[in-house]
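With the sequence shown counted from 1, adding 45 to any position gets you my numbering. Built from N, CA and C at the ideal position, the CB exists for glycine as well. Fair warning: this is a prediction, and the values are worked out from it, not measured in the lab. Report on one structure; see the data block that follows.
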Amino acid sequence: MGYAVYHAEKGKISSGGIGAHIDRAKGFEHTYRHADPKLAHLNRSFEINAHCSKLLHVAVADRIGEGYTGKKAIRKDAVRYQTHVLTGSHEDMHRIFSNPDTADAWIKANMQFMADEFGRDNIVRFVLHRDEKTPHLHVVTVPLTQDGRLSAKEIMGNRKAMQLRQDRYAQAMQAFGLQRGIRNTGIKHESAKEYYARIEEAMKEVQGGEITLSKDFLGRYKEKDVVQLMETLKSLKIALKSQTDKGIQATKDIEQTSAKHEYQVQRLTDRLQQVS
Numbered sequence: 046m047g048y049a050v051y052h053a054e055k056g057k058i059s060s061g062g063i064g065a066h067i068d069r070a071k072g073f074e075h076t077y078r079h080a081d082p083k084l085a086h087l088n089r090s091f092e093i094n095a096h097c098s099k100l101l102h103v104a105v106a107d108r109i110g111e112g113y114t115g116k117k118a119i120r121k122d123a124v125r126y127q128t129h130v131l132t133g134s135h136e137d138m139h140r141i142f143s144n145p146d147t148a149d150a151w152i153k154a155n156m157q158f159m160a161d162e163f164g165r166d167n168i169v170r171f172v173l174h175r176d177e178k179t180p181h182l183h184v185v186t187v188p189l190t191q192d193g194r195l196s197a198k199e200i201m202g203n204r205k206a207m208q209l210r211q212d213r214y215a216q217a218m219q220a221f222g223l224q225r226g227i228r229n230t231g232i233k234h235e236s237a238k239e240y241y242a243r244i245e246e247a248m249k250e251v252q253g254g255e256i257t258l259s260k261d262f263l264g265r266y267k268e269k270d271v272v273q274l275m276e277t278l279k280s281l282k283i284a285l286k287s288q289t290d291k292g293i294q295a296t297k298d299i300e301q302t303s304a305k306h307e308y309q310v311q312r313l314t315d316r317l318q319q320v321s
């Protein structure tokens, strides 16, 4: 059984950039350079409400104007939107999308989950991308509370609230053979920009040496280094998949490096468990 993946973050910049990426806007190809234009026809945009058909920055502003009932003016630095990515393990997502009926059911289940969590009226974008390696949904919501306040802090909640939301998401995805990922891995969520930077860095690792592993005063390997090694392995596996698809000669080098790091991860993780 594969894993359900739900990631959310507050909008930190103008919604124009993320809107160009999600909508695959012409003239802004640099925002989705990892997408395959030959598969663009497989992407789908869903009109959950009237706002979903507008330019994203207009949709966000209109929804706030429609639903905000606060007496104070909204601060310039206030978070006006939140982005969400919903997907699953690579192999499982391709299994789901190999059957049109199952794919439609998965989309509807995600649509219901987002409506239940954030309110149907607050969804200003709901788009399926199938032109990248793994099918996934991009959803953008406006953080309006039920009493008409704009509060990303309240809507998003703290770390515990996020974990509970991920629990609920995993429960909603069980029907599709997806389960909850491991809790408290110590790995920080990353933005799309950070993700792609990590992939490119992993490609450089192929030509480099091993990661330096340090020990504490008891002679044990430090957990943070093992986590780093696990992240590098994850990146290399993704890079391997990408390179295999493109038929690039570097595949063999990535395979060898990935296997070496995987062995190190297993060995060091076993040691950590023995001393914990």
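{"Asked": "Among 63, 137 and 199, which has the Cα closest to the Cα of residue 218?", "Found": "137"}
{"Asked": "According to DSSP, is residue 94 helix, strand or coil?", "Found": "coil"}
{"Asked": "Please specify which runs of the alpha helix (DSSP H), each continuous and at least 4 residues long, are wholly inside the stretch 95-182, giving them in chain order.", "Found": "101-112, 135-141 and 145-163"}
{"Asked": "Quick one: residues in its chain with C-beta nearer than 6 Å to the C-beta of residue 172, no 5 flanking neighbours on either side, listed in chain order?", "Found": "67, 90 and 183"}
{"Asked": "Going by the DSSP bridge assignment, what does residue 323 pair with across the sheet?", "Found": "Because the chain in this structure spans residues 46 to 321, residue 323 falls outside the shown range and cannot be described."}
{"Asked": "Beta-carbon within less than 6 Å of residue 55's beta-carbon, same chain only, minus the 5 sequence neighbours each way: which residues are those?", "Found": "124, 127 and 197"}
{"Asked": "Just verifying my parser: in three-state terms, what is the DSSP assignment at residue 70?", "Found": "coil"}
{"Asked": "Could you check what DSSP says for residue 190 in three-state terms: helix, strand or coil?", "Found": "coil"}
{"Asked": "Based on DSSP bridge pairs, tell me the residues matched to residue 54.", "Found": "128"}
{"Asked": "Determine the DSSP secondary structure at residue 47, reduced to helix, strand or coil.", "Found": "strand"}
{"Asked": "For residue 62 and residue 100, what's the separation of their Cα atoms in angstroms?", "Found": "11 Å"}
{"Asked": "Determine the DSSP secondary structure at residue 213, reduced to helix, strand or coil.", "Found": "helix"}
{"Asked": "Kindly list the residues whose CB is nearer than 7 Å to the CB of residue 85, restricted to its own chain and excluding five residues on each side of it in sequence; keep chain order.", "Found": "69 and 176"}
{"Asked": "Go through its chain and collect everything with a Cβ distance to residue 47's Cβ below 6 Å, but skip five positions before and after it.", "Found": "133, 134, 137 and 223"}
{"Asked": "Could you tell me whether the Cβ of residue 93 comes closer than 7 Å to any Cβ of chain B?", "Found": "No chain B is part of this structure, which consists of one protein chain only."}
{"Asked": "Look at residue 170 and residue 185 and say whether their C-beta atoms are less than 7 Å apart.", "Found": "yes"}
{"Asked": "Beta carbon of residue 53, beta carbon of residue 129: below 7 Å?", "Found": "yes"}
{"Asked": "Let me make sure I understand the geometry here. Which of 143, 139 and 131 has the alpha-carbon closest to that of residue 154?", "Found": "131"}
{"Asked": "Using DSSP's beta-bridge definition, name the partner residues of residue 195.", "Found": "189"}
{"Asked": "Assuming contact is defined by CB atoms lying nearer than 7 Å, are residue 214 and residue 106 in contact in what I supplied?", "Found": "no"}
{"Asked": "Give a yes or no on whether the C-beta atoms belonging to residue 187 and residue 120 are separated by under 7 Å.", "Found": "no"}
{"Asked": "If I'm right that residue 200 touches residue 163 with Cβ under 8 Å, what's the distance once you round it to whole angstroms?", "Found": "7 Å"}
{"Asked": "Just to check my reading of the structure: residue 94 and residue 165 have Cβ atoms closer than 8 Å, yes? What is that Cβ distance to the nearest angstrom?", "Found": "7 Å"}
{"Asked": "Please determine, among 225, 115, 202 and 220, the residue with the shortest C-alpha to C-alpha distance to residue 211.", "Found": "225"}
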